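Numbers in the working numbering are just positions in the sequence shown, counted from 1, shifted up by 32.
For reference, the structure discussed in these notes is given below.
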Amino acid sequence: MRNKIILFFLFLNACVCYSQNPWLQGQGEVLLSPSVTHYYTDTKRDQNGTKSDFSNNGFYENYVYKLYFSAPLISNKLSLIGNIPYVRSTYADDSTFDENNELGDVELGVKMHLKKTGEFHYLMASLMTTIPLYNNDVGPFVGFDRFGTELKINISGNSKWMGVNDNFHQLEFGVKAFYPGGPYQFKLYGSQGYRITNKVIVLGDVDVFLSRGDDFTVSQQNIQITPDFDIVKTTLSLGYEFSPKFSLYAGGFADVWNRNVAIGRGWQVFSVIKL
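Okay, here's the thing in C-alpha cells:
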C-alpha cells in the first residue's frame, strides 16, 4: 500500500482578501474582492518536522477562485461579510491522476466595530460560520466536510511615524471549531501595507495556523486531510490603485515552517472593488 500524503490545503488560502478590508464600510458602501490563488506542493513534513518528497513523483495543486464581500448592516458599526470559494484541485503521481472541481467551504458572518483605540487604531471582532458545499465523494477532497464557527479579534490602523496616509496594518487572532468533534484551530495573522507612490502599494502578510484534532482524518486513496498540524506562511504582494474604488494586487506565498503537513507555495491575484 502506498504511503499516504498528508495535506491541508484549503485553509492556506483563507486570508487572501481579509488583509484588504481592515475597516468597515459606511452606509451604502459595498466592498467586493474577487481573487485567484494557485497552490502547489510535492513535499511534506512529518510529526517531527522531517522533510520528504511525495512518493512516486507525486504532486498536489489547486486553483481557488474566491469572492469576498462586505456590506454594512448598521452604518460603519456592523457589516455582513462572506467568502464564496470554488476549488479546482489535482493530485497526480506515476500511476494516478485525480481531478476535482467544486464549491468549497463558504464562510458567512458579521464584523463589528468595538472601539477606537488611540488616535489611529480600531478594535473589531467578527463571528463567522463555515458551511461545506461539497460531499467528499470525488477526490482530491476539498476539506473536512464539517460545519464550523470562528471568532476573530482584530486591531487595525495606521502608524503616524510612517505617514498616516501612506501605511496600514492589522493584527488578528482567531479561534475556530469544527463540529461534531473538532478539529480546533488557532490562527494569528499580521499584515503591513505601505504606499510607495500615490498608486503603488506593497503588502506583507504572516499567517500562523495551529490545528488540533487527533480523533479522525479525511482519507482518500493517496492522500489524507489531517486535522493535526502546524504551519507558518508568508505572503508578499504588490498592488496598483487605479482609482479610489479599484485596486489590483499580485504576489506570491510560501510556507516557512510546518509540522505534519504538506509544504506549499504559490501565487495570488486579487482586486479590491468599492461600490
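Ideal Cβ placement from N, Cα and C applies to all residues, glycine included.
Note that the coordinates shown come from a computational prediction; the quantities given were computed from them, not determined experimentally.
Task: Continuous beta strand (DSSP E) stretch holding residue 66: start and end - done: If you number the sequence shown from 1, residue 66 lands on position 34. Taken as a continuous stretch (DSSP letters only), the beta strand (DSSP E) holding residue 66 covers 63-77.
TODO: To the nearest angstrom, report how far apart residue 285 and residue 268 are at their CA atoms.
DONE: Residue numbering aside, residue 285 sits at position 253 when the sequence shown is read from its first letter. Residue numbering aside, residue 268 sits at position 236 when the sequence shown is read from its first letter. Roughly 7 Å between the two C-alpha positions.
- [ ] With a 10 Å radius around its C-beta and 16 neighbouring C-beta atoms as the bar for buried, classify residue 53 as buried or exposed.
- [x] Looking up residue 53 in the sequence shown gives position 21. With a pLDDT of only 49 at residue 53, under the threshold of 50, the placement of this residue in the model should not be trusted; the figure read from the coordinates follows. Counting Cβ neighbours within 10 Å, residue 53 comes out buried, since at least 16 surround it.
- [ ] Could you tell me which residues DSSP pairs with residue 227 in its beta bridges?
- [x] Working through the sequence shown from its first residue, we reach residue 227 at position 195. The partner list for residue 227 (beta bridge, DSSP) reads 233.
Task: residue 212 classed as buried or exposed, judged by whether at least 16 other C-beta atoms fall within 10 angstroms - done: Here residue 212 refers to the residue found at position 180 of the sequence shown. With fewer than 16 other Cβ atoms within 10 Å, it is exposed.
TODO: Kindly give me the distance between the Cβ atoms of residue 163 and residue 179, rounded to whole angstroms, as I take these residues to be in contact under 8 Å.
DONE: Here residue 163 is taken as the residue at index 131 of the sequence shown, counted from 1. Here residue 179 is taken as the residue at index 147 of the sequence shown, counted from 1. Between residue 179 and residue 163 the Cβ distance is about 6 Å, and since that is below 8 Å, they are a contact.
Task: Burial state of residue 260, where buried means 16 or more other Cβ atoms lie within 10 Å - done: By one-based count along the sequence shown, residue 260 stands at place 228. By the 10 Å Cβ count, residue 260 comes out buried.
Open item on the list: Suppose the cutoff is 8 Å on Cβ atoms and the five residues either side in sequence are ignored; what does the same chain contact list for residue 147 look like?
Closed with: Taking the first residue of the sequence shown as position 1, residue 147 is located at position 115. For residue 147, where only same-chain residues beyond five positions count, the Cβ hits under 8 Å are 154 and 155.
Open item on the list: Considering Cα atoms alone, identify which of 252, 288, 235 and 104 is closest to residue 281.
Closed with: As a working mapping, residue 281 is identified with position 249 in the sequence shown. Nearest C-alpha to residue 281: 235.
Open item on the list: By DSSP's criteria, residue 262 is part of a beta bridge. Which residues make up the other side?
Closed with: For the purposes of this step, residue 262 is taken as the residue at position 230 of the sequence shown. BP columns for residue 262 point to 242 and 291.
Open item on the list: To test your reading of the DSSP string, which unbroken beta strand (DSSP E) runs of 3 or more residues are found completely within the stretch 120-190?
Closed with: 129-135, 137-149, 153-164 and 179-189
Task: 8 Å Cβ cutoff met for residue 225 and residue 201 - done: The count along the sequence shown starts at 1 and reaches residue 225 at position 193. The count along the sequence shown starts at 1 and reaches residue 201 at position 169. Yes, Cβ-Cβ distance for residue 225 and residue 201 is below 8 Å.
Task: Enclosing beta strand (DSSP E) for residue 86 [first to last residue] - done: Sequence index remark: in the sequence shown, residue 86 carries index 54 (1-based). That residue, residue 86, is in no beta strand (DSSP E); it is neither H nor E in DSSP.
TODO: Classify residue 192 as helix, strand or coil using the three-state DSSP reduction.
DONE: The sequence position of residue 192 within the sequence shown is 160, counting from 1. Helix at residue 192.
TODO: Just confirm the distance between the C-beta atoms of residue 238 and residue 263, as a whole number of angstroms; I'd bet it's less than 8 Å.
DONE: For the purposes of this step, residue 238 is taken as the residue at position 206 of the sequence shown. For the purposes of this step, residue 263 is taken as the residue at position 231 of the sequence shown. 11 Å between Cβ atoms; not a contact.
Open item on the list: What does the Cβ neighbour count give for residue 136, buried or exposed, with the cut at 16 atoms within 10 Å?
Closed with: Against the sequence shown, residue 136 aligns to sequence position 104. Per the 10 Å Cβ criterion, buried.
Open item on the list: Using the three-state DSSP reduction, which class does residue 197 fall into: helix, strand or coil?
Closed with: Counted from its first residue, the sequence shown places residue 197 at position 165. It is coil, neither helix nor strand.
Task: Cβ-based burial, residue 131 [other Cβ within 10 Å; buried from 16] - done: For the purposes of this step, residue 131 is taken as residue 99 along the sequence shown, with counting starting at 1. Classification of residue 131: exposed, given that the 10 Å Cβ count is below 16.
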